[in-house]
Amino acid sequence: MPRLSAATRHRVGFTLNGKPVSVEAEPRLLATDALRHDIGATGTHVGCEHGVCGACTILIDGAPARACLTLAVQLEGREVTTVEGLAPAQDRLSVLQAAFRRHHALQCGFCTAGILISLDAFLREQPEPSEQELREVVGGHLCRCTGYTPIIAAAVEAAALLRRESQTIAQTIALESLDV
Amino acid sequence: MKAEIISWTGQSVERVEDAALLTGRGRFIDDLGTRPGTLHAAILRSPHAHADILSIETETAAALPGVVAIVTGRDLAKLTTPMVAGLKIAAENWPMALERVRYVGEPVAIAVAESRYLAEDALDAIEVAYKPLKTVVDPVASMGEGAPVLHEKAGANLVSDRRFRYGEPEAAFAAAAHTISVSVAYPRNTGAPMETFGVVADYDPHEDVYDILANFQGPFSIHTVLARALKVPGNRLRLRMPPDSGGSFGVKQGVAPYAVLIGVAARIAGRPVKWIEDRLEHLGAAVAATNRVTALKAAVSAEGCISALDWDQIEDCGAYPRAPEPATLYRMHGNMTGAYDIRHVAMRNRVVLTNKAPTGLVRGFGGPQVYFALERLMQRIAVELQLDPLDVIRRNLIPAGAFPYRTATGALYDSGDYQAAVEQAVAGRLAELEQRRDAARAAGKRYGIGFAAAVEPSVSNMGYITTVLTAEERRKAGPKNGAQATATVSIDPVGSVSVHVASTPQGQGHRTVLAQVVADIFGLPHRDIRVVADLDTGKDAWSIASGNYSSRFAAAVAGAAHLAAIRLRDKLALIAADQLKAESTQIGFAGGAVFAKGNPDKTIPFGRVAALCHWAPALLPDGVDQTIRETAFWTPPQLTAPSEGDEINSSLCHGFIFDMAGVEVDPANGKARIDRYVTMHDCGRVLHPGMVEGQIRGGFAQALGATFYEELAYAEDGAFLTGTLADYLLPTATETPDIEILHIETPSPFTQLGTKGVGEGNCMSTPVCLANAVADALGVSEINLPLTPARLAALAAGPEPAQPETGRAVVPAARPGDRSLRGEGEARVAAAPAAIWAMLLDVDTLASIIPGCHGVEKLSDTHFKADVTLGVGPVKGRYKAEIKLSNLDEPRAATLTGSVSGALGTGGGSGRVTLTPDGAGGTVIGYAYEAAVGGKVAAIGGRLLDGAAKAIIGQFFAALARKASPGKPGLLARLFGRRA
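So the protein sequences, as listed, match chains A and B. Under the numbering used here, the residue at position 89 of the first sequence is numbered 89, and the numbers go up by one with no gaps. Under the numbering used here, the residue at position 904 of the second sequence is numbered 904, and the numbers go up by one with no gaps.
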């Protein structure tokens, strides 16, 4: 691992939501500040800067991480996903995001980015989650507006819709392979 | 046309706000770009609860690279005046300390630099010399003899003492069969929005104008306080709000003093300055709800009917009575009799100051403190008179036919049917709950049922705070009353409709609801209406009552928008009547068209009628001035000033809540499980059921936190103990149960839409409903929040009182977050005791093994000074340490006494180190220590602090071991012995 000088800035290059980005970072620069203020990806929010609230959660190489406890230089060479990277297109919402909107699973929306990131990662890993498992995942985040119930309801519904979607895709692939 | 009947209002449509928030396109204050050249501020805060500032050395900090200015209280005082408070007392309210600090976390200096990182570096280089003073944190003790007086000019910590009398309370108590009482010490807690405060300020020296962007939430009466503090007329303080705000729950009223601080910093720096509060600053110094000591007595008949109440409230506003305080104490003044028909009330209200952070708006605003006492009293009446608790509630409820109902203390309750609400809530559900309780108890479990009834006030009267003044003082100050709401509806040249309001939402979906309400007036799809809800006091319509507080949106703001839209529509109807040759009363608006009723051929597209005023004003019919923009102001006539007899209609609307809970307490571990929770609401007409449900669930979750987890805790010396979200615990998804929500609707006759507020009620009803259930489960009479596992276990273990009057459960002595650190342990080192002994007395060795040490100075053989950097959780700082050795027993044992001090806090303690030969040439080093910490570091709380202390001590001995036997592999693995 290279030793970085505290006094100088270092070029840090990584992939953000599929696109290459780079920042000039002092070693002490937090990943949250680099993402938000240097790159302009302000969707990731900072609620406590000590790793408890979960608002700043991002994916680093597919794994959820607290960006407020991560240094920008630690992102070098990584694949980073933030809330800006969850929707399939600019004018669309992901299945999970749309479920959040239907269930009023957000009010002020400040904590939402982190919760979406954690749930998105979890649902990839566990497509058939129990409600309790979803509660545990959301339990890693603080939301002060909703009382959590609508968030859990949205996550349960999104999981079901995603399963149906993947079944449809699986069936399509199966049919296509029969054709061949 | 049938289409006219379709109503968007009342439907749970998807929110227009959500797509942006879900995709990371929100525009919160820290998401907005700033002007090039904007500087960043960091605030140095007091580590002491009470101390004189002897000196502030800023030269070193000011000379650091990137630092533009260091602003102290003296600089502030040259450009501003103290902030006005609701009380006329001699205490000066400065937003930053001048000569004395009065609470931990009080701003002492501001560093302004090119980046936040450099500004924080500069804070480390500011040297403040303090002379600590005696502190007082307990509100009752603050009134005692010998208590240190916070503001000498005010003469005492008791800054307001008012007595009120309504009806004939003395006669009622004399005639009553029973007098039943409760006493409550309600703790401090806060709304803890996920987004902290933010301010971006700029100053124009030529026009003498402050332009300040802040995630402020109102009330905008505070604008007058700010302008006055900044010494400019109101039109030279342009206060702007960002489009999105990450929650507030009242708390973001407290950003106001920082608008002054950052405004002045920008003026001194000559450039725009931005400041974003961090979480430690927020928990320690933003806004706390008041803690309150209450003694409440009731005059009660044998059947449990209450004829009189006697309130004695001692309100703790912290170190400064900051505007709008003491509003928390008077917010409920009109509804101090709750949902009950009680005609005689005596009241004593005292306001005291203590060495804690200033208080202010927090969701529920005075309601949690009042209803906790009142509804605990209802439960105690049932227990002491051996009555059914629900029957006691039923017997005292205001009769259904009595509305509008004038309370003894002056409120005019607008509407309600409390009996129907209660009966609908309990129907079927109570019987099931009782079965569950009986089954649990039969199985040996501690299960209880709790009830709470509460009247939820909304749309506060701008005059209620003046009830703290005597009638004579009010006459001098001039009348204050009403609650101006405002909304503007405008039509552009293509006929599309926009709405602007001064409601500064923080996540409540105001834009969606306003689009629904206005769309219905014009017969347009709700998606066609665009709403802007952020406010710019420099160009938008607003008044002192503007803002997002007192649950005023649905009742006041949506009504004002409705009014403005109707005025515009009525004028458009005149235009359409003229064009369609029909009577204006026969003009309808639906489906994007304007038509003559009963004549389907006579139809014009809405846009054509709406745009006419822009393109062809000459064609406007007589009586229509313009249809471009209509601003409505609305203030309800019922909100009158306090009467000569101190009666005050403190709020316009009064919703009703009835809650019922089943709770099981595990006496072994103090864990409470909410088995069932039912909450019945009457908030008048519901505009958007999904959002109303969201408000109730959100309020419930905050109340759950207040009941079981949350307290802004202070040590006796005023050290703040709960500075992180690992110490100030908010409920998460795993602790928050699903609840059953019920509604009845009795529309308010006083509001434009029949609506009432709904956001705050569960913060008032839920803590006491759960506490009543716990009291029922454990058979205890005195209960104070938060009901932490330790407190619940102690309550469960306490003797069950045979006679409730005499047998009071002991409140557990364990304080949340005891700041003393204790520990012991041992380490094995492969060197003889004599060698270790020599190392411990050697300056160079110590310098190399003390974690984070920058150098050790030897003052004598047994007295050392060191300069160290220590990090505890998120708080890392440089400290000066002094270490003395005593009770030397060479080479077997020594006592180390040390103290550290730095910008982040202070600490002191002592430990005994023993060196014992291990029989194999090595040494077993045993140590035991006891230490106490204060200041910012103490706010980290026990959990992290204890771990950090152990880690630092561990590092010390690990380094000692390495030094004693260099190159010996595997040693680290054997280092750590038992942990404390």
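Yeah, the Cβ is synthetic: ideal placement off N, Cα and C, and Gly gets one too.
- Take Glu-857/B, set aside five residues on each side of it, and the residues of its chain with a beta-carbon closer than 8 Å to its own are Val-843, Phe-864, Lys-865, Ala-866, in chain order.
- A contact between stretches requires three or more CB pairs, one per stretch, nearer than 8 Å, and the segment 38 to 58 of chain B meets this requirement with the segment 112 to 120 of chain B.
- Taking 9 Å as the CB threshold, Gln-702/B lines the interface with chain A.
- Taking the Cα positions, Asn-887/B is about 58 Å away from Ala-214/B.
- In the displayed model, Ser-22/A falls within a strand according to three-state DSSP.
- DSSP places Gly-284/B in the helix class (H, G or I) of the three-state scheme.
- For Leu-721/B, none of the residues of chain A pass the 9 Å Cβ criterion, the least Cβ distance being about 16 Å.
- Secondary-structure assignment with DSSP links Thr-72/B through a beta bridge to Ala-109/B.
- Ranked by how close their Cα comes to the Cα of Asp-861/B, the residues Leu-841/B, Ile-849/B, Glu-99/B have Leu-841/B in first place.
- The DSSP-derived three-state label of His-688/B is coil.
- Pairing Pro-132/B with Leu-237/B, the inter-Cα distance amounts to about 37 Å.
- For His-45/A, the nearest beta carbon of chain B is closer than 9 Å to its own beta carbon.
- Taking C-beta separations shorter than 7 Å and ignoring five residues to either side along the sequence, the partners of Gly-761/B in its chain run Ala-454, Glu-456, Gly-655, Ile-657, His-681, Gly-699, following chain order.
- If only uninterrupted alpha helix (DSSP H) runs of at least 4 residues are considered, those enclosed by the segment 35 to 74 of chain B are 59 to 62.
- Taken through DSSP and simplified to helix, strand or coil, Trp-837/B comes out as helix.
- Straight across, the Cα-Cα distance linking Ala-298/B with Gln-419/B is about 22 Å.
- Exposed is the label assigned to Thr-172/A, since fewer than 16 other Cβ atoms lie within 10 Å of its Cβ.
- Taking the Cα of Glu-735/B as reference, the smallest distance to any Cα among Gln-132/A, Ala-98/A, Glu-26/A is reached at Gln-132/A.
- Here the segment 133 to 148 of chain A makes contact with the segment 729 to 743 of chain B; the two share three or more CB pairs at distances below 8 Å.
- Separation of Gly-47/A and Ala-964/B (C-alpha to C-alpha, rounded to the nearest whole angstrom) is 45 Å.
- The bridge partners DSSP lists for Phe-658/B are Ala-453/B, Met-680/B.
- Residues of chain B whose Cβ lies closer than 9 Å to the Cβ of Glu-84/A are, in chain order, Thr-23, Gly-24, Arg-25.
- In terms of Cβ geometry, Lys-78/B and Gly-198/B do not form a close pair [threshold 9 Å].
- Under the Cβ criterion of 9 Å, Arg-116/B is counted among the residues facing chain A.
- Rounded to whole angstroms, Leu-870/B and Leu-945/B show a C-alpha spacing of 11 Å.
- Chain B places no beta carbon closer than 9 Å to that of Phe-122/A, leaving this residue out of the contacts.
- Taking the CA atoms as reference points, Val-13/B sits about 8 Å from His-688/B.
- By the Cβ criterion, the segment 189 to 207 of chain B is in contact with the segment 361 to 368 of chain B, since at least three pairs of Cβ atoms, one from each stretch, lie closer than 8 Å.
- Per DSSP, Gln-313/B is one residue of the beta strand (DSSP E) stretching across 306 to 316.
- Assignment of beta strand (DSSP E) within the segment 394 to 465 of chain B, counting only whole runs of 3 or more residues, yields 446 to 460 in chain order.
- Counting only residues of its own chain and dropping the five nearest sequence neighbours on each side, Phe-708/B has a CB closer than 6 Å to the CB of Pro-786, Leu-787.
- Rounded to the nearest angstrom, the Cβ distance from Thr-409/B to His-344/B is 11 Å, too far for a contact under 8 Å.
- Leu-572/B is the residue among Asn-349/B, Leu-572/B, Thr-179/B, Gly-284/B whose C-alpha sits nearest the C-alpha of Leu-620/B.
- Under the three-state reduction of DSSP output, Gly-367/B falls in the helix class.
- The distance from the Cβ of Asn-481/B to that of Thr-722/B is about 39 Å, inconsistent with a contact at the 8 Å cut-off.
- Listed along chain B, the residues sitting closer than 9 Å to Thr-42/A by beta-carbon distance are Gly-24, Arg-25, Gly-26, Arg-27, Phe-28, Asp-30, Asp-31, Leu-32.
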